[in-house]
Amino acid sequence: MTMPHHALDITLTRPLTPAELHQATHTMPLAANHDATHLLAQVPAKTPDKALNRLRHQTGGTLPIDVITTHYPDPNGQILLNVDFPPATHTVLQAAADGAGQPLSLFLQLALQRALARHASEEAERLDRTVQHLLARTTAPHLLVALGRALTHTSGATPC
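Be aware that the sequence shown starts at 224, since it is given in the working numbering, and climbs by one per residue.
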């Protein structure tokens with residue numbers, strides 16, 4: 224039976240130099256984006272979580288890694304996240320998790336979910352205020368035409 228491979232995204236704290244990228248690609252197969260701030264890797268492992276840990280171990284601190292994530296969501300729609308906190312940060316987070324009576328991983332997962340929900344809510348409120356402001360100065364049909372025109376002239380793609 225073959226080992227499944229997991230696609231992982233590596234976000235770097237800074238762009239790699241050409242020499243660092245060359246060295247890294249000789250250690251393991253990697254694909255870099257245009258400015259060498261993001262890498263993609265396929266890692267063999269039984270689970271995505273094990274793949275994240277294996278990749279972090281394989282790099283051995285040679286890359287300036289900020290965060291590693293799974294490239295594809297799991298069956299529950301979740302992206303797994305692997306962050307290596309400095310010891311002082313880890314101690315503070317562990318104390319907060321202990322205070323909440325939760326394992327650290329659950330504490331971080333819930334905190335991240337709350338932050339993302341808060342961000343989505345704030346963004347929806349901001350857009351509602353902006354639309355109301357625009358509607359105070361124009362009609363709904365004119366706004367829809369302008370929005371349609373803007374959307375057809377926007378590729379929707381954002382640079383990495």
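Glycine included, C-beta positions come from ideal geometry on N, C-alpha and C.
Excluding five sequence neighbours on each side, which residues of the same chain lie with their C-beta closer than 8 Å to the C-beta of residue i?
i: Gln265; result: His228, His229, Ala230, Leu231 and Pro252
i: Gly261; result: With the sequence shown as reference, residue 261 is identified as His, and Gly is not the correct amino acid for it. Asp232, Ile233, Thr234, Leu235, Ala255 and Cys383.
Whole angstroms are fine: how far does the CA of residue j sit from the CA of residue i?
i: Thr362; j: Leu350; result: 17 Å
i: Thr375; j: Gln317; result: 48 Å
i: Pro271; j: Gln281; result: 15 Å
i: Thr240; j: Asp258; result: 10 Å
i: Tyr295; j: Leu278; result: 16 Å
i: Met226; j: Thr248; result: 21 Å
i: Leu366; j: Ser344; result: 23 Å
i: Ile288; j: Gln301; result: 21 Å
i: Gly324; j: Ala338; result: 20 Å
Does residue i pass the burial test, meaning 16 or more other C-beta atoms within 10 Å, or should it be called exposed?
i: Thr293; result: buried
i: Leu286; result: buried
Taking 6 Å as the limit between beta carbons, can you name the residues of its chain near residue i, skipping five residues before and five after?
i: Val306; result: Val290
i: Thr250; result: none
Is the Cβ-Cβ distance between residue i and residue j less than 8 Å?
i: Ala340; j: Phe330; result: no
Leaving out the 5 sequence neighbours to the left and right, which residues in its chain are closer than 7 Å to residue i when beta-carbon positions are compared?
i: Ala274; result: His229, Leu231, Val266 and Ala268
i: Ala311; result: none
i: Leu244; result: Ala255 and Ala259
i: Leu335; result: none
### Those runs of the alpha helix (DSSP H) which lie wholly inside the segment 255-313 and span at least 4 residues
Fully enclosed alpha helix (DSSP H) runs of 4 or longer: 271-282.
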